[in-house]
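Below is one structure; the comments refer to it alone.
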Amino acid sequence: MGQEAVSGQVSYQRRAIGLWMVRLATVGFALLALVQVLYVTELSTFGFPSWLPVFLGFGIWGVFLCWGNILRLGEQGWRALFVLPAILLTVAMVIFPTFFGFYIAFSDWNLSSATGQHFNGLANFYQLLADERFWNALSNMIFYVATVIVQYAIAFGLALLLNSEIRGQKFFRVAFLLPFMLSPVAVSWMIGKSMLEFRFGPITNLLRGLGWENPSLLTTPWLAKSTLAAMDAWVWIPFMMILLLAGLQAMSKEVQEAAKVDGASGWQGFWHVTYPLMLQVSMTTVILRIIFQLKLADIVINTTSGGPGGATDTVSSFIFREYKDRSNVGYGTMVAEVYLVLIIIFVSLLLKLSSKVMQRQGA
Amino acid sequence: MKLEHFHYISRRGLLKGSTGLAAASLLGGIAASPQQALAADDLRAAILKIPGVGKGQPTDADWQKVGEMCLGATKTSIKQGELAGVELSFMGLNNQNVHNVLFRGLSKAWADYTGVKINWIDLAQADYNARLQQSIATKTVDFDVIEMGAPFEGDVCGKGLASEMPDWVKKQIDMDDIVNYLKPPVGTWGGKQYRVTVDGDCHNFNYRSDVFADKGLADAWAKAGNKTPWGVPKTWQQVNAVTKFLKGQKMDGKDVYGYLDPTKGWGGFAFYFLGSRATAYAKHPDDKAWLFDIDTMKPRVNNPAWVRAIQDVVDSLPFEPADQLNADPGTTGFQQFLAGTGSMLSWWGDIGTNVYTNDSSTIQNKAAFDILPGSDDVYNAKTGKWDKLASGPNFAPNLAYLGWGIYVMARVDADPKKQKAAWSLAAHLGGKDIALWMAAYPSGFQCYRNSQHNVDEWVGAGYDKAFISNYLDSQFNSYNHPNGAIEPRIPGIFQYYSAAEDILAQIYSGKVKVQEGADQIAAAWEKLTDQLGRDNQIKLYKGSLGM
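Sequence lines, in order, name chains A and B.
Everything in the first sequence is counted per the working numbering, starting at 1 for the first residue and increasing by one.
Everything in the second sequence is counted per the working numbering, starting at 1001 for the first residue and increasing by one.
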């Protein structure tokens, strides 16, 4: 069948079959969804105990949509097949849940409530505006995001080191990557809960040996925040390092050699040649890392639970407690949606800024 | 050939040891009752020797052995293989490698005998509440049996999700043996019995006997100008004074600390520890309520009694170990007190049973127990005044959590075979003999039966008589105290506690003033009560107080 379709010569009969296949599948799926909506809204007594059949129906509809398009459009249908499944999956797993999240965010829904979920307009949003703990967590995020610059500097240094002709280069490449291979949860336990343990932790004992009488790293607000930032950096610096290393290795050696021939010192060669040429890779690395940093939660949840007194709290760990400990689904979702919007705005501005910097650099 | 019957008889015979009573009972020539009573005593003595106190922490092999030896009651109600083909999902905790982990071992012989397959759903303590609430709210209850605390009964039994206990189970587990404070209304909802109790919970006062018997410290205490003799504090006022005094003191060349306050959240469970400091101030003998006003659910957490308790924590923290601001209850109990840091602690009864049986304990021969400290005065929420009782200090044990229980879900009721299997499993784990073993060894469970107060049985297991008498008295005197502070079994109770934990953390770290923070907690609780439905909460609160 494929040859005719790929050739672009689609017969009338095949087009008709494809068209009806798409139409029937669409009507079938719409009917299935309608039946379930009527059932859950108690307008009908016929329906399914869960939404699983509707979800499966969406998948079957997707299959018929792709198949119908191939029959109907020939080569164009085949081309669509490369992206359509990904689009349908994104719609099902990202776009729909995000918009459905708004529906939950505008409701008063506590899982223990005797009356269940009910619409409460903007009440959750107003609550968020007045919630000191949310603003505290958001202000902590500024600190955590700012540490990305330090992480970048260290990662760049390590990347330069691994890019140079040093002994054991391959070993160090793998060794430096190891922290990134560890789960942040494991890091929280290994470092935060064990090595930094006040009584028997090897790091705290070392600090005692160096003369620090009470090396409690997780009880003073600024120190706790810095300690968590350091643990997080330890996990993520290798990620930045590997991107920067890839950039360095892709860079033409001739340019650097030309600078050397012209008498540039090591620092001058780096600052006037390597660094500007690496700006694009650097921007991409930093922006990606900031996006990851904005989701920081696991290390905080496991090591300090946001304490002492909210000093290490992040927006994600705050949302986690709101959901998990307080079953406050409506408000928790509102915080998550608002944070998503803030992230989108922030990252968009960042991209715009980076694009301007690049343009200026290009000019 | 019923080889397993032969094995069973042989095992019992073995337990009866050299007395030859096993052979005699098989012959049937001796009157049954004294025989059975003696056999039961032998069984209890035998299981308590597995592995034996001071012989290391019990292993899975030990749990399996105990479970197998306690199968007698199951065998009277179920034939071998009668429930083959049934599958049960059991949801519970995996804290400190006990609870569900222990249940696996204890129920292996039961599963082999009945033919039931058990699928285990393990949860960390901090994840438990969320998982349960999500299952209820989304109508996706995917477990047949659950290990659950009484505070969740409002959420589960109140919504018709639990199966009512059949009469044969009540008989098998000997309900009359359970201590009074865990009898109905605990475990019931709307007059129906739902719970097989496996645990009795209260906070008791754990202290270091060596610290309070130390001559050097006694001299230093007197030298510091204290008029009262050096000894175990009986009131919170004394606890606070001792905590302040001990900062900077040394015993055997090591730093000594006083009371240990957990200040880090623990999924709502850390709030109990403030409760233990507050009950002596807030639970008036003339008033059943201490957490909310009965008729309105107005929180009392910002009244002078609670504010005083919070202030006590704030004032004590500078005198506690330097990492106390990052210590949750697990840390204070197992990493600090059992490991030798701190001399006073409020905790559930697990500490006492771990002193001699937990491999990480360093305080053998150094721990002693009492009911929670009292207070020289108690706040009367009705008059708004502090009362000094004619009887002396006010004591009010915090009956925190009311223990774990095994609950069978209503979804098994449609299948009689499955229902029987689920209840049989619950009855096996809540049996009288197995209860004794679970209280004597690390299990996450403490005494909940009157029959567990037999000191001689514990001594037979290897416990020191003075130690275990002291421990059991601290437990049973708390359970039977006339002014015990009862936990409200209302829906969402852990949401109240969790909301408080966040604000308390800010108070403890100095970000928010005590009264201001307490007012914030009260405001958060009021909002929560409205969200959950105030009228319903008031009704259930009254019910939980037996009103």
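Don't be surprised by glycine CBs; every beta carbon is placed ideally from N, CA and C.
Contacts of I1363 (chain B) in chain A (Cβ-Cβ under 9 Å): In chain order: nothing, as chain A lies at least about 14 Å away.
List, in order along the chain, the chain A residues whose C-beta lies closer than 8 Å to that of L1088 (chain B)?
Proximity of chain A to L1088 (chain B) at the Cβ level (cut-off 8 Å) is not reached, the minimal Cβ distance being about 21 Å.
Check: Going along chain A, which residues have a C-beta under 9 Å from A1322 (chain B)?
Finding: F198, E213, N214, P215, S216 and T219, listed in chain order.
Short-range partners of chain B found in the region 291-319 of chain A, where Cβ spacing is below 8 Å: The residues in question are T304, S305, G306, G307, P308, G309, G310 and A311.
Does DSSP put W1458 (chain B) in a helix, a strand or coil? When secondary structure is reduced to three states using DSSP, W1458 (chain B) falls in the helix class.
| request: Taking 8 Å as the cut-off, decide whether the C-beta atoms of A1046 (chain B) and S216 (chain A) are in contact. | output: Note that the C-beta distance between A1046 (chain B) and S216 (chain A) is not below 8 Å.
Q) Given that a residue counts as buried once 16 or more other Cβ atoms are within 10 Å of its Cβ, and exposed if not, what is G59 (chain A)? A) Label assigned to G59 (chain A): exposed.
TODO: Anything in chain A within Cβ reach of T1341 (chain B), meaning under 7 Å, just list it in chain order.
DONE: For T1341 (chain B), the chain A residues whose C-beta falls within less than 7 Å of its own C-beta are R199, listed in chain order.
Alpha carbon to alpha carbon, what distance is there between V286 (chain A) and I343 (chain A)? Answer to the nearest angstrom: the Cα atoms are 15 Å apart.
message: So with CB distances below 8 Å, who are the chain A contacts of A1130 (chain B)?
response: Correct list: Y323, K324, D325 and S327.
So, for D1295 (chain B): in the same chain, excluding its five sequence neighbours on each side, which residues have a beta-carbon less than 8 Å away from its beta-carbon? Counting only Cβ-Cβ distances below 8 Å, and skipping sequence neighbours, we find I1538.
So, does the region 157-172 of chain A touch the region 245-259 of chain A, judging by three or more C-beta pairs under 8 Å? Put simply, the region 157-172 of chain A touches the region 245-259 of chain A. At least three CB pairs are less than 8 Å apart.
Chain-ordered neighbours of D1155 (chain B) on chain A, where CB pairs are closer than 8 Å: Under a criterion of Cβ atoms nearer than 8 Å, the residues of chain A adjacent to D1155 (chain B) are, in order, S112.
* Mind listing the chain A neighbours of N1536 (chain B)? Cutoff is C-beta to C-beta under 7 Å, in chain order. => Correct list: A114.
H1203 (chain B) (DSSP reduced to helix, strand or coil): Of the three classes helix, strand and coil, the one that applies to H1203 (chain B) here is coil, per DSSP.
* What is the DSSP secondary structure of I345 (chain A), counted as helix, strand or coil? -> Helix.
Does any residue of chain B have a CB that is nearer than 8 Å to the CB of R133 (chain A)?
Yes, R133 (chain A) lies at the interface with chain B (some Cβ there is under 8 Å from its Cβ).
Q.
For Y1401 (chain B) and Y1448 (chain B), I'd like the C-alpha separation in whole angstroms.
A. Separation of Y1401 (chain B) and Y1448 (chain B) (C-alpha to C-alpha, rounded to the nearest whole angstrom) is 13 Å.
>> List, in chain order, every chain B residue whose beta-carbon is nearer than 7 Å to that of D108 (chain A).
In response: Those are Q1531, listed as they occur along chain B.
inquiry  = Please classify N1326 (chain B) as buried or exposed, where buried requires at least 16 neighbouring CB atoms within 10 angstroms.
reply    = By the 10 Å Cβ count, N1326 (chain B) comes out buried.
| message | So if DSSP puts A1449 (chain B) in a beta bridge, which residue, or which two residues, is it bridged to? | response | Note on identity: in this sequence residue 1449 (chain B) is Arg, with Ala being the wrong assignment. Bridge partners of R1449 (chain B): B:I1178.
- Bridge partner(s) assigned by DSSP for P1329 (chain B): DSSP lists no partner for P1329 (chain B).
Fill in: Contact list for the region 1261-1280 of chain B against chain A, Cβ threshold 9 Å
Contacts with chain A (Cβ-Cβ distance below 9 Å) from the region 1261-1280 of chain B involve T1263, K1264, G1265, W1266, G1267 and G1268, listed in chain order.
Discussion item. If we define contact as Cβ-Cβ less than 8 Å, is A1414 (chain B) a contact residue for chain C?
Written reply: Absence of chain C from the displayed structure is noted, the protein chains being A and B.
Go through the region 1189-1270 of chain B residue by residue and report every complete run of the beta strand (DSSP E) that reaches 3 residues or more, in order. The DSSP assignment places 1195-1197 and 1204-1208 as complete runs of the beta strand (DSSP E) inside the region 1189-1270 of chain B, in order along the chain (cut-off: 3 residues).
So, with DSSP's three-state summary, where would you put L1027 (chain B)? Because the pLDDT of L1027 (chain B) is 36, which lies under 50, any placement of that residue in the model is unreliable, and the question is left without a value.
Flag L1325 (chain B) as yes if its beta-carbon sits less than 8 Å from any beta-carbon of chain A, otherwise no. Any Cβ of chain A closer than 8 Å to the Cβ of L1325 (chain B) would place that residue at the interface, and such an atom is present.
> Which value, in whole angstroms, describes the spacing of the CA atoms of A297 (chain A) and R321 (chain A)?
Replying inline: For A297 (chain A) and R321 (chain A), the distance between alpha carbons rounds to 11 Å.
Q.
Distance cutoff 8 Å, beta carbons only. Does Y1508 (chain B) sit that close to anything in chain A?
A. Taking CB atoms only, Y1508 (chain B) has a neighbour in chain A less than 8 Å away.
*Whole-number beta carbon distance between A1505 (chain B) and G1265 (chain B), since they are thought to touch under 8 Å*: Your pair G1265 (chain B) and A1505 (chain B) checks out as a contact, with CB atoms roughly 6 Å apart and the cut at 8 Å.
Using a cut-off of 9 Å between C-beta atoms, extract the partners of I1136 (chain B) located in chain A. Simply L111 and S112.
* Asked: Does the beta carbon of D1144 (chain B) come closer than 8 Å to any beta carbon on chain A?
  -> The Cβ of D1144 (chain B) sits no closer than 8 Å to any Cβ of chain A.
Check: Hey, how far is the Cα of K1055 (chain B) from the Cα of T1357 (chain B)?
Finding: Taking the straight line from one Cα to the other gives about 8 Å.
Cutoff 7 Å; reference T333 (chain A); Cβ partners in own chain excluding five residues on either side
Residues of the same chain with a CB within less than 7 Å of the CB of T333 (chain A), apart from the 5 flanking positions on each side, are G101, I104 and A105 in chain order.
- The alpha helix (DSSP H) enclosing A1073 (chain B), as first and last residue numbers: Its alpha helix (DSSP H) spans residues G1072 to S1077.
Nearest-angstrom Cβ-Cβ length linking W136 (chain A) and G307 (chain A), presumed shorter than 8 Å: Contrary to the premise, residue 136 (chain A) reads as Asn rather than Trp in this sequence. That belief does not hold up - the Cβ atoms of N136 (chain A) and G307 (chain A) are roughly 12 Å apart, past 8 Å.
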